[in-house]
């Protein structure tokens, strides 16, 4: 049998452990006698459309090993959603051309919901067009909003970063609160689901511990109720720590971050729900405050990744290749939580057709009645995901990272405009 | 000889390792037969004025040990500067009353430049008023702007956090840059000196590595030159990482953060030079960007503290007590860099009268000619300070922290309004 090549690509926002998945795909595929080379799309599917394929067999083994502790997307990612085949055949035909030209037999697409939709479409079309390619989706998203899987690789590490940072910064605010800063606001990611904001709640061990207020996208922001809670917290604890999801919104679904702030040129101020909340606290209550926007820091903080998350990120990559080799197609490995008292997990699978374009929000039972905190059952769900410190090696005081050569596979096709 | 008590207080902005200094003071004082108890001012000098003294002898030994890995100011800090004795005798007289009432023989004040000025005044006045108290300043400031000492405890850990985060986030931006984010802006602390911003420069190992642009308070912001550099960097590298000091200012000394942004109520937007730079990049160059404000996260990030910084923070606390016991007064232990090829340091001392109210800025030779980067000599200075990872112990996935009882010493004086 003709040995075919495998093609791996990263998609959408990256995580601190997505390269561990990449390492797993490469290592597992290299062990198989049925797979020839492993190529990687440079900057995701856009690179595949442009026939920009990285030949991972030309990388130093030592550097590939470092992928496990290198954040970001080592082969480049992209935000590019393929339209429906019926609407735009051009890009699908081009993918086919690339697959055929480079004898691709296995396609592994590492991304969130949108990407799984794409993977599913490609699986169907390669079969329809007579050059069947085994297409396996691999989950990844810090947003933790994919269905079927108990959690998403990438999320546990953000949760660990956010809960750790919340605990640390809270001690700082508390010590400053007598004469200075009384309110601290931390903005975290999560445009549509409050999983990341929720994870800050793990920082609290006992009553009155920070964070005192969490603002979820799932709970409509009520300014009066919020300000009352801030006031009461400062009165009771002497300080107040607020964690706000970038997706926090009012009852009409309007993001608080889009609240009409303008800069000195009269342009709308871009992003930043933390400064918005800060202004509110300052204007309405007069408290001195500090605010932080963690943005990319939270999802690239490989130095504080969770060991459980890292293990799972590796495991889904390994499982994806094994599934492909065992004849599965248009599926995605998922993480199944065992029904044991002590946390345990195993790899299962879901059909891509069912995964695609579905966002898993926080269940109502995970948010406290007042809408400002997380419940015990939420803590029970989140806590196992942040266990273990997967420290990267450090050199000269800084985390070591992989330095890839990214040698390109020779092009065989004409240029293509994406 | 009557055994007298020691009094320790924290002042100003806290650091991730100031409690290691506290632990050193308490442990070293407890070993001495000449010191009775160690008290701590609750919330710094304000607590001393209010006669709010914490009796550290009533704390669990196990919890005191945890101070070494607990960020923030465990006894509380404050921003309160004593006026000159000639202007306002009242507070000095009150301090004297508290010292006498509680038999204080040694006062250790752990803070930055302002605090050392205060310590010096107190030393002078206790002598003049006939109840001599040995007053030792202990350096602490993430701003790294105290004179005489080679560096300031607290700074090395922020430098490690900022350089690590810059390296990590840069990998993220790089992987997103083909179709999405091209510019990432990280705002760091340092209102008057660019030491913290400079430390981001350690993240770069070779040409074109991020950060590509550092904006220092020491270099007047030139918008045209800056935008040109951003454009050129995106052209060359595909993306651009900018680290901006909160103290970045224009040629007239006006902070960029105070650039006239107003919120939806027409009020001045509070803080945030990162969103200002982001708007500029977006409006003038049209690049998609992300920005982060690390704020308190950077100075409380005990999980990524530098071992060298932690060792030095402990050492200055220990040295302060030893200096007091050896008859020194109105001095501050400092860190002296040995003139060896390999980095080494030892403790020296400086007179408080010479330390007080002096801000050490970045030398010109530490900033590259174009004003956007750090030189080799700056790297040589900074690099040793971020060496070693002083990880705290983790429990249930989160860093363990000290839980103090903070039992108060019985008051003996009338109330005093601060």
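Protein chains in written order, with this note's numbering: chain A, -12 to 405; chain B, -12 to 405.
Where is the CB? At the ideal position from N, CA and C, for every residue including glycine.
Out of curiosity, what's the CA-to-CA distance linking residue 7/B and residue 87/B? 28 Å
Proximity below 8 Å, CB of residue 188/A to CB of residue 172/A: no
Using only alpha-carbon positions, find the residue among -4/A, 37/A and 32/A that is nearest to residue 402/A. 37/A
N- and C-terminal bounds of the alpha helix (DSSP H) containing residue 42/B: Per DSSP, residue 42/B belongs to no alpha helix (DSSP H); it is in the beta strand (DSSP E), 40 to 42.
Which chain A residues sit within Cβ distance under 9 Å of residue 244/B? In chain order: nothing, as chain A lies at least about 11 Å away.
Give me the Cα-Cα distance between residue 398/B and residue 357/A, rounded to the nearest whole angstrom. 40 Å
Compare the C-beta of residue 30/A with all C-beta atoms of chain B and state if any pair is closer than 8 Å. yes
Compare the C-beta of residue 386/A with all C-beta atoms of chain B and state if any pair is closer than 8 Å. yes
Would a check of beta-carbon distances place residue 176/B closer than 8 Å to chain A? no
Could you give the distance in angstroms between the alpha-carbon of residue 257/B and the alpha-carbon of residue 244/B? Low per-residue confidence applies at residue 257/B: pLDDT is 42, beneath 50, and the placement is therefore not dependable enough to give any value.
Run through DSSP, which three-state label would residue -8/A get? strand
Report the neighbours of residue 147/B on chain A: residues whose CB is nearer than 7 Å to its CB, in chain order. 384
In whole angstroms, what separates the C-alpha of residue 215/B from that of residue 170/B? 13 Å
Enclosing alpha helix (DSSP H) for residue 262/B [first to last residue]: 260 to 272
Would you call residue 367/A buried or exposed, if buried means 16 or more other Cβ atoms sit within 10 Å of its Cβ? exposed
Over the uninterrupted beta strand (DSSP E) stretch that includes residue 354/B, give me the two end residues. Where residue 354/B is concerned, there is no enclosing beta strand (DSSP E), given that its DSSP letter is neither H nor E.
Between residue 139/B and chain A, is there a C-beta pair that is closer than 8 Å? no
I'd like to know whether the C-beta of residue 46/A is nearer than 8 Å to at least one C-beta of chain B. no
Put residue 400/A into one of helix, strand or coil per three-state DSSP. coil
Does the region 177 to 188 of chain B come close enough to the region 294 to 314 of chain B that 3 or more CB-CB pairs lie under 8 Å? no
So residue 109/B packs on residue 82/B, CB below 8 Å; how close in whole Å? 6 Å
Residues that residue 291/B contacts on chain D, provided the C-beta gap is smaller than 8 Å: Of the chains in the structure shown, none is chain D; the protein chains are A and B.
Please confirm if residue 396/B has its CB atom under 8 Å from at least one CB of chain A. no
Write down the C-beta distance between residue 11/B and residue 304/B rounded to the nearest angstrom, noting that I regard them as a contact closer than 8 Å. 3 Å
Sequence-distant residues of its chain with Cβ nearer than 6 Å to residue 63/A (five each side left out): 29 and 30
Using a Cβ-Cβ cut-off of 6 Å (strictly less than) and excluding sequence neighbours within five positions of residue 229/A, which residues of its own chain qualify? 172 and 200
Does the beta carbon of residue 349/B sit closer than 8 Å to a beta carbon anywhere in chain A? no
So, does the CB of residue 374/A fall closer than 8 Å to a CB anywhere in chain B? yes
Got a sec? Which residues, its chain only, sit under 6 Å from residue -7/B by beta carbon, not counting five neighbours each side? 16, 22, 25 and 93
Indicate whether residue 58/B and residue 159/A have their beta-carbon atoms separated by less than 8 Å. yes
Distance, residue 271/A Cα to residue 249/B Cα: Because residue 249/B sits at a pLDDT of 49, beneath the cut-off of 50, its placement in the model cannot be relied upon, and the point is left open.
So residue 335/B is in the beta strand (DSSP E); what residue range does that whole segment cover? 332 to 338
For the beta strand (DSSP E) containing residue 98/B, name the first residue and the last one. 91 to 98
In the structure shown, what three-state DSSP assignment does residue 328/B receive? coil
Tell me which residue opens and which closes the beta strand (DSSP E) that residue 23/A is part of. 22 to 28
Hey, how far is the Cα of residue 394/B from the Cα of residue 104/B? 29 Å
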